[in-house]
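To convert, take the position in the sequence shown, counting from 1, and add 594; that gives the working numbering. Built from N, CA and C at the ideal position, the CB exists for glycine as well.
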Amino acid sequence: MLFQGSNNKEAKTCTKLFKQSVLRYFVASLIILAVLITVIELMMINLKTKKHSESSVYSVDTNEDSSKKSLPTTYLLKNAEENINNDNHKRYLSHIVFESIKKDCNTVYTAVVIINSHASFLNRRNTIRKTWAKSPYWNTKEKYLIIFVVGRTIDSEEVINVAEEAKIWNDIIFVDLFEETSTLTKKVIIGLIWTNYNVKYEFVFKGHDDIYLNINNLLTFVKNNNIENAYFGYKIENADVKKTDSYKIVYQNGYYDSYCSGVGYILSKSNIKKMIPLFDLNSIFSFDDEFVGETATKIGVIARHAEGFYINNDHCSYFRDIIVSHPIKDINCNIFLLKSFLLDTRNLTSHLNIITSKNTSAYVNEKNTVNGQFQPIGGVN
């Protein structure tokens with residue numbers, strides 16, 4: 595009896611252990627199955643996104659209908675490739691996913707305007723396109739080219755939207771660098787190198803996407819000054835070196851070399867050619883103005899202050915000599931400054947048909963008219 599009782603006890607124990615083992619295996623199987631399903635779903639989503647992105651961003655529409663412009667294709671060095679002997683330059687340009695720049699290869703552009711713009715700031719780019727970027731507003735025969743350098747975000751839909759935007763406007767260089775403070779300078783460097791190899795030009799104006807740029811005054815300034823070694827803008831001196839947790843650099847002095855504010859500055863072609871060999875994407879400052887200032891110092895060029903660079907024009911005041919005004923908080927300010935200049939110089943004609951909003955006309959009338967007569971504020975005659 596004792597032996598039989600012992601066997602029953604062992605049998606019950608074995609049965610219990612068996613059930614526990616089966617339960618463990620069952621639970622483990624469910625977990626593995628859930629993981630596999632999740633992985634498969636993620637792979638399907640990724641594949642779907644990739645196919646959608648490739649078909650939307652990188653494909654070429656072969657439809658001959660001129661109303662359907664093809665999307666920009668993956669960037670190639672094209673005919674400039676054979677002229678690039680510097681491996682670093684090729685590596686920098688390889689960051690360009692696509693460019694949709696419409697340019698005349700036989701034209702020497704007096705100015706190439708490079709605007710650093712965040713992918714999310716479509717409204718800012720459109721404000722520029724609808725105001726000071728439009729050539730009919732400016733009384734000049736000089737040729738200029740406007741380029742937006744745009745980076746990527748984690749939102750794949752936003753990337754697709756930028757590609758569609760580039761397709762429409764033909765003015766975007768899209769790079770595979772995430773939009774963050776640490777890539778601001780890299781975007782500028784890529785823009786300068788691309789311009790140097792792909793465009794015939796005399797000088798570059800680099801600016802932010804929240805500015806008003808007076809093309810007439812910019813070209814007049816360049817015409818009246820020797821720009822052979824030009825590095826002009828709003829000069830900043832003895833600025834303390836930034837040493838925060840998010841921005842640490844090694845710099846032997848406690849302050850930067852003189853530089854021009856990144857809101858907007860002018861660089862001559864000769865200076866850009868000298869500076870490009872010194873560019874290193876692995877050893878740069880986060881902010882392009884300080885980096886360009888230091889690089890300019892290395893080639894023996896000193897930042898020079900120029901009148902007309904209103905980098906803190908918070909109240910959107912009009913001055914006749916404005917080259918750059920910053921910040922532009924809404925399209926009304928841009929329209930106001932442009933319309934004020936055209937009124938001031940007697941160049942506002944009916945055929946220009948400046949886009950206005952319900953607030954713009956009142957804005958112009960209240961700020962700049964006395965007894966019905968236009969009154970410019972300050973500036974040069």
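Near residue i, which residues of its chain fall below 6 Å by C-beta distance, leaving aside the five closest residues on each side in sequence?
| i | result |
| --- | --- |
| V753 | R746 |
| F826 | I860, R898 and A900 |
| E888 | D851 |
| A956 | Its pLDDT being 46, under 50, A956 is placed unreliably in this model, and the value from its coordinates should be taken loosely. No residues qualify anywhere along the chain. |
| I878 | T779 and F885 |
| V743 | N710, I767, K781 and G785 |
| A727 | I740 |
| I925 | T721 |
| L875 | K780 |
| R685 | none |
| I783 | F873 |
| N764 | S694 and K696 |
| H920 | I805, V857 and I905 |
Taking 7 Å as the limit between beta carbons, can you name the residues of its chain near residue i, skipping five residues before and five after?
| i | result |
| --- | --- |
| E901 | D915 |
| F881 | L778, T779 and G856 |
| K863 | Y795, E796 and F797 |
| D770 | H689, V691 and R746 |
| N820 | none |
Are the C-beta of residue i and some C-beta of chain C separated by less than 8 Å?
| i | result |
| --- | --- |
| Y738 | In the structure shown, chain C does not exist; there is a single protein chain. |
Along the chain, where does the beta strand (DSSP E) that runs through residue i open and close?
| i | result |
| --- | --- |
| K737 | Careful: K737 lies outside any beta strand (DSSP E) and carries neither H nor E. |
| T704 | V702 to S711 |
| V691 | I690 to E693 |
| L771 | I766 to F772 |
Beta-carbon within less than 8 Å of residue i's beta-carbon, same chain only, minus the 5 sequence neighbours each way: which residues are those?
| i | result |
| --- | --- |
| N810 | W732, N733, T734, F935 and T939 |
| A833 | Y849, Y850, Y853 and E884 |
| T701 | K737 and K794 |
| T704 | E736, K737, Y738, Y795, E796, F797, L813 and V816 |
| D803 | I709, N710, S711, H712, F715, R718, R719, I722 and F742 |
| E759 | L716, R719 and I766 |
| L872 | T889, K892 and I893 |
If you follow the alpha helix (DSSP H) that residue i is in, where does it begin and where does it stop?
| i | result |
| --- | --- |
| T814 | I809 to N818 |
| F885 | D882 to K892 |
| V782 | L778 to N792 |
| I589 | No statement about residue 589 is possible, as the shown extent of the chain runs from 595 to 975 and does not include it. |
| Y686 | D681 to L687 |
| N876 | No alpha helix (DSSP H) holds N876; DSSP gives it neither H nor E. |
| I722 | L716 to K724 |
Per DSSP, what are the beta-bridge partners of residue i in this structure?
| i | result |
| --- | --- |
| F797 | A705 and S862 |
| H899 | G827 |
| S911 | Paired residues: none, contrary to the question. |
| F742 | I709 and I766 |
| C854 | K829 |
| D834 | Y849 |
| H920 | Answer by DSSP bridge pairing: none, since H920 is not bridged. |
| Y806 | S919 |
| Y904 | S919 |
Exposed or buried, residue i, counting other C-beta atoms within 10 Å across all chains shown (16 or more means buried)?
| i | result |
| --- | --- |
| H909 | exposed |
| G801 | buried |
| G856 | buried |
| D749 | exposed |
| S711 | buried |
| L807 | buried |
| E831 | exposed |
| F772 | exposed |
| T789 | buried |
| D698 | exposed |
| D681 | exposed |
| T775 | exposed |
| K933 | buried |
| E822 | exposed |
| K867 | exposed |
| K642 | No answer about K642 holds up, because its pLDDT of 42 lies below 50 and its placement is not dependable. |
| N941 | exposed |
| N865 | buried |
| I695 | buried |
| E693 | buried |
What distance in whole Å lies between the Cβ atoms of residue j and residue i, which are believed to be in contact at a cut-off of 8 Å?
| i | j | result |
| --- | --- | --- |
| I762 | V707 | Not confirmed; about 19 Å, so no contact. |
| T721 | I917 | Going by Cβ atoms, the distance from T721 to I917 rounds to 18 Å, so no, they are not a contact pair. |
| I896 | M869 | Not confirmed; about 13 Å, so no contact. |
| N928 | T725 | 4 Å |
| I787 | G858 | Actually they do not touch by this definition, with Cβ atoms about 20 Å apart. |
| Y828 | F903 | 4 Å |
Check whether the Cβ of residue i lies closer than 7 Å to any heavy atom of the ligand GDP, and answer yes or no.
| i | result |
| --- | --- |
| N820 | Ligands are entirely absent from the displayed structure, and the ligand GDP is therefore not among its contents. |
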